[in-house]
Ligand SMILES: [Zn+2]
Ligand SMILES: [Zn+2]
């Protein structure tokens, strides 16, 4: 399994798809960050509309899997990462930070709960960006076939809360990194 074009640079490109309005500066930063983590070029694709059929008025949230399915229609990209600024859920959970197709092509993250302002705290761009990067690397890691990692410092550690997200790094631990690069 390989998720990187490290050995064959220029062959594969991933695409970041803004779903609805997403800050362009954030997407540019994210693109750079992901290229460093995955040794793969990332483009920013054409924005997709937020599918209103994904909205659950009772919960006031959007169904993550519905949006993930729509991202499959994106024609560009070996990997497709959707970024949305709406709160996401799956039926079993109160909310999700993101969702991905394990060993697949598509992943989705929500930036809504990653802002300090969501919790009534003063905004902090640096903290916000670190969280966005971690969630994006994590979900794309799933598309590369990685499951959750027991190392609390590894980006593939399961975040139950933002405290977990803030504690972990934005990088793969040595074991996960080896798997992403296809050397094992
Ligand atoms: Zn996960
Ligand atoms: Zn790991």
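In this note's numbering, the protein residues as written are 5 to 188.
Every residue, glycine too, gets a C-beta built ideally from N, C-alpha and C.
The model shown is predicted, which means the values in this text are computed figures rather than measured ones.
Beta-carbon proximity list for residue i, same chain, < 8 angstroms, skipping 5 on both sides
i: residue 188; result: For residue 188, the predicted structure reports a pLDDT of 43, less than 50, and the residue's modelled location is therefore unreliable. A value from the coordinates is still provided. Correct list, in chain order: 182.
i: residue 121; result: 127
i: residue 47; result: 17, 18, 19, 20, 35, 80, 81
i: residue 152; result: 160, 161, 162
i: residue 31; result: 20, 22, 48, 87
i: residue 168; result: 156, 161, 162
i: residue 98; result: none
i: residue 39; result: 45, 46
i: residue 70; result: 55, 57, 58
i: residue 78; result: 19, 21, 49, 52, 84, 110
Beta-carbon separation (whole angstroms), residue i vs residue j, contact threshold 8 angstroms
i: residue 93; j: residue 117; result: Not really, about 11 angstroms apart at Cβ, beyond 8 angstroms.
i: residue 172; j: residue 159; result: 6 angstroms
i: residue 112; j: residue 72; result: 5 angstroms
i: residue 146; j: residue 178; result: About 19 angstroms; that fails the 8 angstroms criterion.
Residue interval of the beta strand (DSSP E) (run including residue i)
i: residue 20; result: 18-23
i: residue 164; result: Premise fails: residue 164 is in no beta strand (DSSP E) and is neither H nor E.
Residue(s) in a DSSP beta bridge with residue i
i: residue 103; result: 112
i: residue 83; result: 18
i: residue 98; result: BP columns for residue 98 are empty, so no partner.
i: residue 46; result: 18
N- and C-terminal bounds of the alpha helix (DSSP H) containing residue i
i: residue 26; result: Careful: residue 26 lies outside any alpha helix (DSSP H) and carries neither H nor E.
i: residue 184; result: 178-184
i: residue 89; result: Counting along the chain, residue 89 falls outside any alpha helix (DSSP H), and DSSP gives it neither H nor E.
Same chain, Cβ closer than 7 angstroms to residue i, neighbours up to 5 away in sequence not counted
i: residue 27; result: none
i: residue 100; result: 68, 92, 93, 94
i: residue 134; result: 174
Beta-carbon contacts of residue i that lie in its chain and below 6 angstroms, excluding the five residues immediately before and after
i: residue 37; result: 137
i: residue 66; result: 58, 59, 90, 92
i: residue 139; result: 101, 102, 113
i: residue 110; result: 72, 75, 76, 84
i: residue 115; result: 89, 136
i: residue 143; result: 102, 104, 111, 113
i: residue 51; result: 22
i: residue 119; result: 132
- Ignoring anything shorter than 4 residues or poking outside the region 135-160, list the alpha helix (DSSP H) runs there in chain order. none
- What are the uninterrupted segments assigned as beta strand (DSSP E) that are 3 or more residues long and contained completely in the region 52-76, given in chain order? 65-67
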